[in-house]
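S.K.: Could you have a look at this structure, given as structure tokens, before my questions?
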Ligand code: N01
């Protein structure tokens with residue numbers, strides 16, 4: 100049977116772009132299929148006001164090419180979405196990637212043909228492409244969650260989802276705006292929308308923790324220093340659990356004196372960013388320790404927000420860091436503005452969206468525009484949107500009906516030659532995504548080369564190896580407080596989704612070691628034929 104490509108890669112975000120580059124380098128023919136009109140993935144779609152990366156720009160970048168690393172100049176501590184998208188486009192141009200990317204095309208179905216050991220990939224444009232390997236580079240947070248609130252279609256004004264923002268931007272000047280959600284996307288965009296809108300009403304189901312970003316232009320001397328030491332910095336990052344240097348303090352919060360706790364928290368609050376959770380090593384292991392950090396942030400909210408009732412409603416009650424911590428610029432202070440209203444809906448769901456607003460607790464609110472900052476069907480949503488069938492016609496949907504099952508977060512038993520970059524069961528969203536993406540891409544590229552070198556055409560995870568990995572992922576999750584709340588990590592934001600802690604929480608170094616050991620043992624846990 101004649102195949103069209105050695106590999107089809109789905110998605111042209113940072114994962115798909117680097118995958119294409121590696122495949123080409125190994126002499127494999129490849130086609131990337133991308134739904135958008137351009138590269139960039141997350142940074143192509145999430146164009147809401149204030150969108151930024153909460154990992155510092157010098158760390159949130161590719162490391163596979165030292166020249167690229169040296170030539171690119173980031174302008175701020177935390178890069179904006181437009182700057183990251185510019186970087187993605189620069190990479191696409193520099194490595195001449197576009198000629199193998201088919202844009203504005205969505206993969207709708209992928210079917211494994213057992214007799215010929217090939218995948219038939221079909222698209223919404225009617226393409227039928229035969230490929231030996233399929234690599235899903237779909238992103239972990241790329242399938243927007245539009246909540247099933249009655250009446251949503253009846254709203255007469257424009258509705259915007261933060262994860263699918265209009266390319267031309269939105270000007271809220273003179274408009275009244277309702278925002279549903281208070282996750283990272285809302286926390287980044289609310290301060291900016293509030294500056295534009297005549298009035299902004301925020302509907303908050305769960306109060307959230309956020310730490311100031313203290314964003315600033317990058318000091319050229321600091322950039323020079325980073326560039327001079329990039330190799331060592333990257334190498335060291337791989338030895339840290341999240342793949343980022345968050346300056347982990349190995350002391351325990353409960354065992355430290357009150358004064359020392361305050362000093363640590365204040366220092367990290369003043370420094371800004373995700374490193375707040377690294378103030379002590381047991382914040383996600385011990386309820387009491389966690390409470391000391393949560394109390395500190397609650398205290399800050401009380402200091403910043405002038406109306407005590409609003410401050411109380413904004414104060415989160417759950418475990419800090421259980422849901423992903425947010426990083427903001429002026430979020431709490433925004434609620435001091437006369438044109439911003441907080442509506443606490445923790446005890447009652449939104450009854451319905453009306454043509455001119457929404458109704459909750461029997462009360463009607465009106466606005467011109469509705470913003471859904473309601474997140475994503477994380478980690479599995481984008482893969483399950485594609486109708487994927489493996490051996491014996493079993494669909495991925497069937498296989499994952501009780502939650503995702505993978506071997507190393509990379510492969511699935513029963514789905515030969517199919518790979519997922521940063522799939523469920525890998526550290527992915529608990530780490531700096533760029534190095535995690537590169538590690539997966541390199542692993543897959545080396546794997547394909549090894550299969551070819553053996554004169555084989557098929558590689559497939561064994562069921563026992565997969566079961567053992569799924570067990571290990573679950574066990575690791577059970578050891579932390581992170582799996583204890585209703586977050587998207589456990590699929591709790593999507594009604595009916597099986598409740599399983601999806602990412603691997605054992606840390607990047609242990610994970611990398613395991614992936615390398617599998618290779619060293621001749622692809623242990625895989626059958627190659
Ligand atoms: O989505 P979210 P997000 N009625 O799921 C609420 C990454 N990210 O887009 O918490 C009322 O966090 C929901 O309420 P609840 C980052 O990893 C990164 O903000 O489920 N409310 C919640 O408040 C992040 O964690 C950056 O009770 C409803 C909100 O909507 C992830 O993306 C920037 C509702 C959704 O929050 C997702 O963030 C932005 C309903 N029916 C995002 N349904 C960086 O800086 C949902 N909600 C890199």
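Residue numbers (our numbering): 100 to 628. For glycine and all other residues, C-beta sits at the position ideal for the given N, C-alpha and C.
(1) Would you grab the beta carbon distance between residue 348 and residue 365 for me? Rounded to a whole angstrom, and I think it's under 8 Å.
(2) Just to check, is the beta-carbon of residue 587 closer than 8 Å to a non-hydrogen atom of the ligand N01?
(3) What is the DSSP secondary structure of residue 117, reduced to helix, strand or coil?
(4) Flag residue 546 as yes when its Cβ comes closer than 8 Å to any non-hydrogen atom of the ligand N01, and as no otherwise.
(5) Ends of the alpha helix (DSSP H) at residue 596?
(6) Within 10 angstroms of the Cβ of residue 212, are there 16 or more other Cβ atoms? Answer buried if so, exposed if not.
(7) Consult DSSP for residue 88 and reduce its assignment to one of helix, strand or coil.
(8) Assign residue 174 to buried or exposed, taking buried as 16 or more other Cβ atoms, counted over all protein chains shown, within 10 Å of its Cβ.
(9) In the DSSP assignment, the alpha helix (DSSP H) including residue 319 goes from what residue to what residue?
(10) Would you be able to state if there are at least three C-beta pairs under 8 Å between the stretch 259-275 and the stretch 228-236?
(11) In whole angstroms, what is the alpha-carbon distance linking residue 514 and residue 424?
(12) With a cut-off of 8 Å on the beta carbons, I'd call residue 215 and residue 100 a contact; round off their distance for me.
(13) How would you label residue 530, buried or exposed, when you count the other beta carbons within 10 angstroms and need 16 or more for buried?
(14) Taking 8 Å as the cut-off, is the CB of residue 468 close to at least one heavy atom of the ligand NAP?
(15) Suppose only complete runs of 4+ residues qualify. What are the alpha helix (DSSP H) ranges in the stretch 382-406, listed by chain order?
(16) Could you tell me whether any non-hydrogen atom of the ligand N01 is closer than 8 Å to the CB of residue 592?
(17) What three-state label does DSSP hand residue 259 in the structure shown?
(18) Can you tell me which of 411, 110, 161 and 614 puts its alpha carbon nearest to the alpha carbon of residue 240?
(19) Start and end of the beta strand (DSSP E) containing residue 468?
(20) Could you tell me whether the Cβ atoms of residue 274 and residue 297 are closer together than 9 Å?
(21) I'd like to know if the stretch 467-486 and the stretch 515-524 are in contact, where contact means that at least 3 CB-CB pairs between them fall below 8 Å.
(22) With 16 as the cutoff for other CB atoms within 10 Å, does residue 293 come out buried or exposed?
(23) What does the Cβ neighbour count give for residue 472, buried or exposed, with the cut at 16 atoms within 10 Å?
(24) From residue 178 to residue 152, what does the alpha carbon distance come to, in whole angstroms?
(25) How about residue 154: is its C-beta nearer than 9 Å to some C-beta of chain C?
(26) Quick test of the definition: if touching needs 3 or more C-beta pairs under 8 Å, does the stretch 342-359 touch the stretch 381-394?
(27) Tell me the DSSP secondary structure of residue 521 in three-state form.
(28) Nearest by alpha-carbon distance to residue 578: which of 606, 614, 228 and 323 is it?
(29) Return the chain-ordered list of same chain residues with a C-beta closer than 7 Å to the C-beta of residue 624, the five sequence neighbours on each side being excluded.
(30) Is the separation between the beta-carbon of residue 288 and that of residue 412 shorter than 9 Å?
(31) Quick check on residue 298: does DSSP put it in helix, strand or coil?
(32) Return the CA-CA distance between residue 190 and residue 539, expressed in angstroms with no decimal places.
(33) In the structure shown, what three-state DSSP assignment does residue 162 receive?
(34) If I'm right that residue 468 touches residue 276 with Cβ under 8 Å, what's the distance once you round it to whole angstroms?
(35) By a C-beta neighbour count over all protein chains shown, 10 Å radius and 16 as the cutoff for buried, is residue 198 buried or exposed?
(36) Looking at the structure shown, is residue 584 part of a helix, part of a strand, or coil, going by DSSP?
M.R.: Judging by the given coordinates:
(1) Numbered from 1 along the chain shown, position 249 holds the residue referred to as residue 348. Numbered from 1 along the chain shown, position 266 holds the residue referred to as residue 365. Going by Cβ atoms, the distance from residue 348 to residue 365 rounds to 13 Å, so no, they are not a contact pair.
(2) The sequence position of residue 587 within the chain shown is 488, counting from 1. The answer is yes for residue 587.
(3) Translated into positions along the chain shown, residue 117 becomes position 18. DSSP places residue 117 in helix when its eight states are reduced to three.
(4) On the chain shown, residue 546 is found 447 positions in, with the first residue counted as 1. No.
(5) By 1-based counting over the chain shown, the position of residue 596 is 497. Segment: none, residue 596 is in no alpha helix (DSSP H) and carries neither H nor E.
(6) Taking the first residue of the chain shown as position 1, residue 212 is located at position 113. Exposed is the call here.
(7) Lying outside 100 to 628, the shown extent of the chain, residue 88 is not represented and no answer is given.
(8) Along the chain shown, one-based indexing puts residue 174 at 75. Counting Cβ neighbours within 10 Å, residue 174 comes out exposed, since fewer than 16 surround it.
(9) Position 220 of the chain shown, counting from 1, holds the residue named residue 319. Residues 319-327.
(10) Touching, no, given that fewer than three Cβ pairs across the two stretches are closer than 8 Å.
(11) Numbered from 1 along the chain shown, position 415 holds the residue referred to as residue 514. Numbered from 1 along the chain shown, position 325 holds the residue referred to as residue 424. Distance between the alpha carbons of residue 514 and residue 424 is about 35 Å.
(12) For the purposes of this step, residue 215 is identified with residue 116 of the chain shown, where counting begins at 1. For the purposes of this step, residue 100 is identified with residue 1 of the chain shown, where counting begins at 1. 4 Å between Cβ atoms; contact.
(13) If you number the chain shown from 1, residue 530 lands on position 431. Residue environment: residue 530 is assigned as buried (16 or more neighbouring CB atoms within 10 Å of its CB, all protein chains considered).
(14) Looking at this structure, you won't find the ligand NAP anywhere; what it does contain is the ligand N01.
(15) 386-403
(16) Counting from 1 along the chain shown, the entry for residue 592 is found at position 493. For the ligand N01, at least one heavy atom lies less than 8 Å from the Cβ of residue 592.
(17) Taking the chain shown and counting its residues from 1, one reaches residue 259 at position 160. Residue 259: strand per DSSP, three-state reduction.
(18) Mapped onto the chain shown, residue 240 falls at position 141. For residue 240, the nearest C-alpha among the options comes from 110.
(19) The sequence position of residue 468 within the chain shown is 369, counting from 1. Element bounds for residue 468: 468-471.
(20) Within the chain shown, the letter at position 175 stands for residue 274. Within the chain shown, the letter at position 198 stands for residue 297. Yes.
(21) yes
(22) In the chain shown, residue 293 corresponds to position 194, counting from 1. It counts as buried.
(23) In the chain shown, counting from the first residue as 1, residue 472 sits at position 373. So residue 472 ends up on the buried side.
(24) Position 79 of the chain shown, counting from 1, holds the residue named residue 178. Position 53 of the chain shown, counting from 1, holds the residue named residue 152. For residue 178 and residue 152, the distance between alpha carbons rounds to 6 Å.
(25) The chain inventory of the structure shown lacks chain C, comprising one protein chain alone.
(26) yes
(27) Taking the chain shown and counting its residues from 1, one reaches residue 521 at position 422. Reduced to three states, the DSSP call for residue 521 is coil.
(28) Locating residue 578 in the chain shown gives position 479, counting from the first residue. Its Cα nearest to that of residue 578, the residue 606 stands out among 606, 614, 228 and 323.
(29) Within the chain shown, residue 624 is the residue found at index 525, counting from 1. 506, 560, 561, 564 and 617, listed in sequence order.
(30) Indexing the chain shown from 1 puts residue 288 at position 189. Indexing the chain shown from 1 puts residue 412 at position 313. Remark: C-beta atoms of residue 288 and residue 412 do not approach each other more closely than 9 Å.
(31) Taking the first residue of the chain shown as 1, we reach residue 298 at position 199. Note: residue 298 maps to strand in three-state DSSP.
(32) In the chain shown, counting from the first residue as 1, residue 190 sits at position 91. In the chain shown, counting from the first residue as 1, residue 539 sits at position 440. Near 19 Å, if we compare the C-alpha coordinates of residue 539 and residue 190.
(33) Here residue 162 refers to the residue found at position 63 of the chain shown. DSSP places residue 162 in coil when its eight states are reduced to three.
(34) What you label residue 468 is simply residue 369 of the chain shown in a count that begins at 1. What you label residue 276 is simply residue 177 of the chain shown in a count that begins at 1. With a Cβ gap of about 5 Å, residue 468 and residue 276 count as contacting.
(35) Start at 1 with the first residue of the chain shown, and residue 198 comes out as number 99. By the neighbour-count rule (16 or more Cβ atoms within 10 Å), residue 198 is not buried but exposed.
(36) Here residue 584 refers to the residue found at position 485 of the chain shown. Here residue 584 sits in coil by DSSP.
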